[in-house]
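Novice: Residue numbers (the numbering used here): 322 to 527. Using N, Cα and C, we set each Cβ at its ideal position, and we do this for glycine too. Here the structure is a predicted model, which means the values were calculated and not measured. Attaching a single structure in structure tokens format; questions to follow.
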Amino acid sequence: MYARSTTIRGNPRSVDRGTDYVRDEVMPAVRGMDGCIGLSMLADHESGMCIVTTSWRDREAMQASAEGVRPLRDRAREVFGGEVEVHEWEVSAMHRRHEAHHGACTRVTWLRGAPDDMERSIDAFRMSLMPRLDDLAGFCSVSLMTHAAEGMAVSAVTYDSREDMIETREHARALRDEFVPALGLAVTDVREFDLVLAHLRVPETA
């Protein structure tokens, strides 16, 4: 399973309008493309930063969609009033306690490591860290996406509510301090978002 993430650093006042555009125009268009599994969107209304992620059956389907999504992305840049950055990933792990509901929030952690060690890091994430996340208050799901050749990874942990996400901040920080060095990775950024569209549909992988 593969995914493409489009990070938009836009105008905070345009987030709601941009969400409507992604829901009403981008999502139907993309889900009509061969091999598309689904779409999700994260939004930070204070900073204007949003992340739209599409999931794909395989790498070939993701790459074949590149031309089709380009005009949608160009229009999104106009609607959100900001710049966009695109990354393509392999979905290396996905675990859900249950589907996300309205009001869910997501903490995203960006990571870097040695490309040659990425497979070991993924195995350690699945076996050691993921079981511990199940104990967090309001835990909904966790995913890990990787780009092994560049030594890049991104983890997204979704909670039932913003209150749950806030309550787990210290516990999540302690888990990062404990596990990230053991995984052979380094944290490059951590951000929190509202999960405004939850239709990624990636199946359980671990």
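Using only the alpha-carbon positions, how far apart do E358 and E440 sit?
Specialist: Locating residue 358 in the sequence shown gives position 37, counting from the first residue. Locating residue 440 in the sequence shown gives position 119, counting from the first residue. Correcting the residue type first, residue 358 is Ile in the shown sequence and not Glu. Answer to the nearest angstrom: the Cα atoms are 24 Å apart.
Novice: Runs of 4 residues minimum, wholly inside the stretch 419-462: which ones carry the alpha helix (DSSP H) assignment?
Specialist: With a minimum length of 4 residues, the continuous alpha helix (DSSP H) runs that stay inside the stretch 419-462 are 439-445 and 451-454.
Novice: Considering only DSSP beta bridges, list what L363 is partnered with.
Specialist: In the sequence shown, the residue the question calls residue 363 occupies position 42. Paired residue(s): I372 and L516.
Novice: Mind checking who H492 pairs with in its DSSP beta bridge?
Specialist: As a position in the sequence shown, residue 492 is number 171, starting the count at 1. Paired residues: none, contrary to the question.
Novice: Enumerate, from N- to C-terminal direction, the unbroken beta strand (DSSP E) stretches of 3 or more residues contained entirely within the stretch 392-422.
Specialist: Listed in chain order, they are 404-417.
Novice: Output needed for A458: all residues of its chain with C-beta closer than 7 Å, excluding positions within five of it in sequence on either side, in chain order.
Specialist: Taking the first residue of the sequence shown as position 1, residue 458 is located at position 137. Around A458: D485, E488 and T489.
Novice: Leaving out the 5 sequence neighbours to the left and right, which residues in its chain are closer than 8 Å to A469 when beta-carbon positions are compared?
Specialist: In the sequence shown, residue 469 corresponds to position 148, counting from 1. E411, P436, M439 and E440, listed in sequence order.
Novice: Please name the residue or residues paired with S326 in a DSSP beta bridge.
Specialist: As a working mapping, residue 326 is identified with position 5 in the sequence shown. Note: S326 sits in a beta bridge opposite T374 and H408.
Novice: From the DSSP output, in three-state form, read off D485 for me.
Specialist: To locate residue 485, count along the sequence shown from 1; it is residue 164. Residue state, collapsed to three classes: helix.
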